[in-house]
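The numbering used here applies: residue 1 is where the sequence shown begins, and numbers increase by one.
Working notes for the structure below.
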Amino acid sequence: MNSQKQTQRRITIHTPALFIPGGKPALRRAAAFLSAAALLALAGAAPSLPAAAGPDDGKIVTTKGHVDAPKAYWDEQNGTFVLMNEANPYKTGADTYELDKTVNWVGKGYSGRDGKSQYTMTLGESPSLAFLGEPGQTLYMAPHLTSGNQDPIWAGLGASTKVPTERFRDGVFVTDILSVEGPGRMELFRYNPDDAPADIYRMLSSSSTGWHSWLLDKGSHTHNTTTFTRPGRYVVTYRTVARSTDGRIISSKPSKLVWQVGGMQPVLGDGTPTAVPTVDRYNAAPVGDLDAAKYVLSVAPHRLDADPAKNKDADDKLSDITFTAANKNLKGTLTLYNNGYFLTDLPVVNGTATWSEMLGSEGSQLQAVFTPDTSDENSAEASRWISHKLAYEPGRAESVYSDDGNGSWPEEIPDEANTVLSTGQYTPTSMDYDVTVTPNGNGFSTVEVRFKDPKVRGFLRGGFYAQDDPVYPYLDLEGSVEDGVARFTFRDESFYKGTALRVKMLTHPDMNASASTTEVAANYEPGTKYTAHGALAPDSAPINDAPKPAPVDPSPSAEPTAAPSAEPSAKPSEAPTAEPSNVPSVSPSEVPTVPAVPTASAEPSAPAPAPSAEPSTPGTPGNQCVPGKIDGRTKISHGHLDIQATLKDRQLSVGLRDDSGIIDADSTVRPLDSVVWTVSENARRVRTERMADEKLNFMGPVGTAFYGLPQTQQSGLPWPGYNTQDIDYSQLRGPVRLHVVPKVMPEGARFGMFTESLNGADVLLDSTTGKTTIDIDYATHAHANWVFSEPGQYMFDVHYSATLADGTEVNSPVQQLAVAVGKKASDACSFETAVPKDPNAASDDFSGVRRVDSATPGGTAGANQPGSTQSGAAQAGQSGQAGASGAAGDVNAKGSTDGSAGGSLGQPGVSAASGGVSSQQGGLARTGFGAVSVAVGGVLVLGAGTVMVLRSHRRAS
1 MNSQKQTQRR ITIHTPALFI PGGKPALRRA AAFLSAAALL ALAGAAPSLP
51 AAAGPDDGKI VTTKGHVDAP KAYWDEQNGT FVLMNEANPY KTGADTYELD
101 KTVNWVGKGY SGRDGKSQYT MTLGESPSLA FLGEPGQTLY MAPHLTSGNQ
151 DPIWAGLGAS TKVPTERFRD GVFVTDILSV EGPGRMELFR YNPDDAPADI
201 YRMLSSSSTG WHSWLLDKGS HTHNTTTFTR PGRYVVTYRT VARSTDGRII
251 SSKPSKLVWQ VGGMQPVLGD GTPTAVPTVD RYNAAPVGDL DAAKYVLSVA
301 PHRLDADPAK NKDADDKLSD ITFTAANKNL KGTLTLYNNG YFLTDLPVVN
351 GTATWSEMLG SEGSQLQAVF TPDTSDENSA EASRWISHKL AYEPGRAESV
401 YSDDGNGSWP EEIPDEANTV LSTGQYTPTS MDYDVTVTPN GNGFSTVEVR
451 FKDPKVRGFL RGGFYAQDDP VYPYLDLEGS VEDGVARFTF RDESFYKGTA
501 LRVKMLTHPD MNASASTTEV AANYEPGTKY TAHGALAPDS APINDAPKPA
551 PVDPSPSAEP TAAPSAEPSA KPSEAPTAEP SNVPSVSPSE VPTVPAVPTA
601 SAEPSAPAPA PSAEPSTPGT PGNQCVPGKI DGRTKISHGH LDIQATLKDR
651 QLSVGLRDDS GIIDADSTVR PLDSVVWTVS ENARRVRTER MADEKLNFMG
701 PVGTAFYGLP QTQQSGLPWP GYNTQDIDYS QLRGPVRLHV VPKVMPEGAR
751 FGMFTESLNG ADVLLDSTTG KTTIDIDYAT HAHANWVFSE PGQYMFDVHY
801 SATLADGTEV NSPVQQLAVA VGKKASDACS FETAVPKDPN AASDDFSGVR
851 RVDSATPGGT AGANQPGSTQ SGAAQAGQSG QAGASGAAGD VNAKGSTDGS
901 AGGSLGQPGV SAASGGVSSQ QGGLARTGFG AVSVAVGGVL VLGAGTVMVL
951 RSHRRAS
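Written as structure tokens, this is what we have:
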């Protein structure tokens, strides 16, 4: 470096200046004549500066746990929406907080099971991932599935059960992303790599106008993958909006939620930011001599440890950002920026600071602002510094130096792809749209809806409906309209044959047009191409669901009959046409109606009486059928449900947290004994090749049909999970254990519960091997896939257990969970085979399990509960089928936190989670079904989860 350049630099950099972001040059020049002491006085700063000053320090930090944000609530007093963050930041139980007082932190996170990264996503070759970036690109991720913990964050969004959708046009209300301010792009979606080409289900986006909006259902919440192309501070502005039935726009105020991606965790507070702004710290710091300071800011690929065991998964994706100084005793704060947006604060100790960060696969500009700790005698006269921009490119090393002078204050560089959502109302120039269903030739088909006006915004819904059930489909079509087009790809299952395929188009509240429903096929034939035409309704027209179609010939027709649109159209609907393909015909499935839903009550219902042990006769005095009930238990046919554990005063309890809104508008905890889950025919599934993991053999061979409740919420089906969120695990020694013990099952039935993650299947419960206990290692709220192999009536004894810190074992009282699977069981008046609880029976003892032929209702049997070593048969003293029971040791099967790689029992591309758990084995007596109690005997468990029942009869004495 020559002396002329050095002289020029000194003239530039030693001018003491008060930095005023955006200030006028004249003001800056005036400030240049102020002394360092005057700078301190102007800034109003104390001589001792904070070691950290992140902009979100003091806010309510929601991270490493279950977070619903934004969640829409209804403010009845003001007649509008309020957006909140529902989380458990203080580990005292879930609560709600004002959205703008919270910050979602997405830091590094690793599986508690196998140590794999849960904060990075590297894109594969699937064409469905193209909207995220190029193959091989790595993104920062808040995952929809985790394993063994909830790191880095398990985030979703949702809505309260009390939202009055009956007041909204078409019942529609929507959460919008109005804008995203941050260093990169943000995407929300669900991903199942094993279900291509239906592997992606998009939800929200910062860059695509069509995906700025998410259609909500009251009482629901969803969890998903959220990705970011670069780390840094993102400020996301949301609103929830509806249009009233009289045409008014109802909107929450725009509400901001900060997503801090990467960097150090913000300091938890009460919602009030406590940090001194970086610019104030800088202005209060001494100018010093930058040439003598010899500050260096560098970025380089992360150096892996020579010992592979010391490296963590995805460490090869990191970059090291390093600051050094000539003064090896220097202390202070280094604030890093990425593309001008805050990244993190680092303490500088002994003249250095280092941070390893996943900077992503796209280039960016890094900068640092250093402020010395003036309270430290070795740093009091040290120089402040604004570094020049440091260019980051993956795989490259770069540095900038203080003897090059101060750079300009970091200026935010928004990602050019991000868009701002317009909130103006719009009247479509045409209401018309065309629908096509096109087979992809690989067992999948795609529904496409194309509007003539590409500015229409809205949502694709509908599905495959049984001929006698126009409410809940076998499969929900879901998608958003982008540039006038909505698409949904699905696995074209054989049991859709004979159903009615209807497409419902719902409009965004900003659209001056209403919903319409178009019947695409009255008698659907899988693998067939269909076309149809529909039109949105004028905004003033009342909208109803499509009328129930007349009975049709079950045999497939090459030319399906056209059904009129349920709404007025600008022109007559055109007849849909079918183009048969070479797909073998499959017999139509039996499709029953959905059980009636009871009227909601404002007050929690009292616990229903215990089920009778004697079979009831429908229509007889005292046993009349009661709509919406089975044996006094209220039916719950759909909605969010959790088997919830609570620990209070050293007492453990179990209850059902009911968010379905069927019985009460509010979320209510009620006894399991008071309800019955009804599982409609819409739950029918088939074990496909993507569920071929041998761990799932309890389902039967690939191709076996079963009834399944998926990990993700599906309309028309119960969405059960388990919940220990409100338990303080510091009071415990070890996990909380959930016991789910089958007591009544149909003839030949198998039951199981499992999760699927990117690492494969984890079986939590399995009636073929006797797994009856789930070890829940941390406070969580989780969902899993529930499998019932046969229709009929199921009864489970359910309780929680745990060990207190002092070694005391605690158990909740046992309650009975009743599940009615299929049409016949759901429509029944009583549990003809109900088993009374025996409080003296042994925990997890299966010797009392009865198998009852659904065609031949049987009598009573002892149901074993904690506290007894007798079998049900021994207590009953009756003859019965042979059975066997016995413990089989512990089997670890930790699951994924409320997430699956696509919700294996759900719709293509849909996924949710289930908690980090392990499963234990208990003894299960596999007995035959009959009208008698169980006697202890033998059982053979065959391959693929098949059970051979060894029947024996007691000799007459």
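All residues carry an ideal CB built from backbone N, CA and C; glycine is no exception.
Note that the structure is a prediction, hence the values are computed from the model and not measured.
Contact set for residue i: own chain, Cβ-Cβ below 6 Å, skip 5 residues either direction
{"i": "T352", "result": "T324"}
{"i": "E181", "result": "V235"}
{"i": "G65", "result": "N88 and Q150"}
{"i": "D415", "result": "G184 and R185"}
{"i": "S298", "result": "T322 and S399"}
{"i": "L765", "result": "V740, G752, M753 and K771"}
{"i": "K571", "result": "Any reading at K571 must be qualified, since the residue scores a pLDDT of 39, below 50, and its modelled position is unreliable; the value itself is stated next. Nothing listed; no residue qualifies."}
{"i": "S364", "result": "R230, N338, N339 and Y392"}
{"i": "K452", "result": "S430 and D432"}
{"i": "S361", "result": "Q137, T138 and P394"}
{"i": "P410", "result": "Y337, G340 and Q367"}
{"i": "G54", "result": "P266, A275 and D345"}
{"i": "R687", "result": "M699, V702 and T704"}
Boundaries (first-last residue) of the beta strand (DSSP E) holding residue i
{"i": "R737", "result": "V736 to P746"}
{"i": "R450", "result": "F444 to F451"}
{"i": "Y341", "result": "Y341 to V348"}
{"i": "Y530", "result": "K529 to A535"}
{"i": "K635", "result": "R633 to I636"}
{"i": "D95", "result": "D95 to E98"}
{"i": "E519", "result": "S516 to A521"}
{"i": "L257", "result": "S255 to V261"}
{"i": "W1030", "result": "Here the chain comprises residues numbered 1 to 957, so residue 1030 is not present and cannot be evaluated."}
Closest by C-alpha distance to residue i, when choosing among the options
{"i": "F751", "options": "P791, L421, L343 and L475", "result": "P791"}
{"i": "V485", "options": "E478, K294 and V449", "result": "V449"}
{"i": "T63", "options": "K108, V447 and E76", "result": "K108"}
{"i": "Y526", "options": "L536, G498 and V503", "result": "Residue identity check: residue 526 is Pro in the sequence provided, not Tyr. Residue G498 is the option with its Cα nearest to P526."}
{"i": "F831", "options": "S812, Y794 and E809", "result": "Y794"}
{"i": "L817", "options": "F488, A825, P671 and F444", "result": "P671"}
{"i": "D666", "options": "A142, Y282 and T161", "result": "T161"}
{"i": "E681", "options": "T704, N723, A820 and G639", "result": "A820"}
{"i": "V437", "options": "Y530, N697, V481 and Q265", "result": "Y530"}
{"i": "D68", "options": "L99, K824 and V810", "result": "L99"}
{"i": "T209", "options": "K455, S516 and P470", "result": "K455"}
{"i": "T122", "options": "L139, P164 and Y110", "result": "L139"}
{"i": "Y474", "options": "A196, V736, Y722 and L709", "result": "L709"}
{"i": "A1037", "options": "S117, E493 and K116", "result": "With the chain running from 1 to 957 in the structure shown, residue 1037 is simply not present."}
{"i": "M431", "options": "A275, I177, P308 and D539", "result": "D539"}
{"i": "T959", "options": "R303, P720, G443 and Y426", "result": "Because the chain is modelled from 1 through 957, residue 959 falls outside the range shown and cannot be assessed."}
{"i": "A293", "options": "D315, A284 and N329", "result": "N329"}
{"i": "V296", "options": "L257, V348 and A513", "result": "V348"}
{"i": "R167", "options": "Y191, W74, S213 and Y282", "result": "W74"}
Cβ shell of residue i (< 8 Å), same chain only, five flanking positions each side left out
{"i": "A30", "result": "Only weak support exists for where A30 lies, its pLDDT of 36 falling under 50; the coordinates are left without a value."}
Own chain, CB closer than 7 Å to residue i, minus 5 neighbours either side, in chain order
{"i": "E357", "result": "P231, G262, L318, S319 and I321"}
{"i": "A380", "result": "T374"}
{"i": "D313", "result": "Y110, G115, K116 and S117"}
Continuous alpha helix (DSSP H) stretch holding residue i: start and end
{"i": "D280", "result": "T278 to A284"}
{"i": "G822", "result": "G822 to S826"}
{"i": "D291", "result": "L290 to A293"}
As an exercise, report each continuous beta strand (DSSP E) stretch of at least 3 residues that is fully enclosed by the stretch 155 to 241, in chain order. 168 to 181, 186 to 191, 200 to 205, 213 to 215, 221 to 223 and 225 to 228
Should the stretch 332 to 344 be called in touch with the stretch 356 to 370, which here means at least 3 C-beta pairs below 8 Å? yes
Are at least three pairs of beta-carbons, each pair with one atom in the stretch 200 to 208 and one in the stretch 185 to 192, less than 8 Å apart? yes
Do the stretch 476 to 492 and the stretch 238 to 254 meet, that is, are 3 or more Cβ pairs less than 8 Å apart? no
Taking contact to mean 3 or more Cβ pairs, one atom from each stretch, closer than 8 Å, check whether the stretch 507 to 519 and the stretch 714 to 726 are in contact. no
Pair every Cβ in the stretch 206 to 219 with every Cβ in the stretch 248 to 262, then say whether three or more of these pairs are closer than 8 Å. no
Report yes or no: do the stretch 381 to 394 and the stretch 152 to 170 share at least 3 C-beta pairs separated by less than 8 Å? no
Is there contact between the stretch 622 to 639 and the stretch 658 to 665, where contact requires at least three CB pairs shorter than 8 Å? yes
Kindly provide the ranges of any beta strand (DSSP E) runs that are 3 or more residues long and lie completely inside the stretch 350 to 391, ordered along the chain. 352 to 357 and 364 to 372
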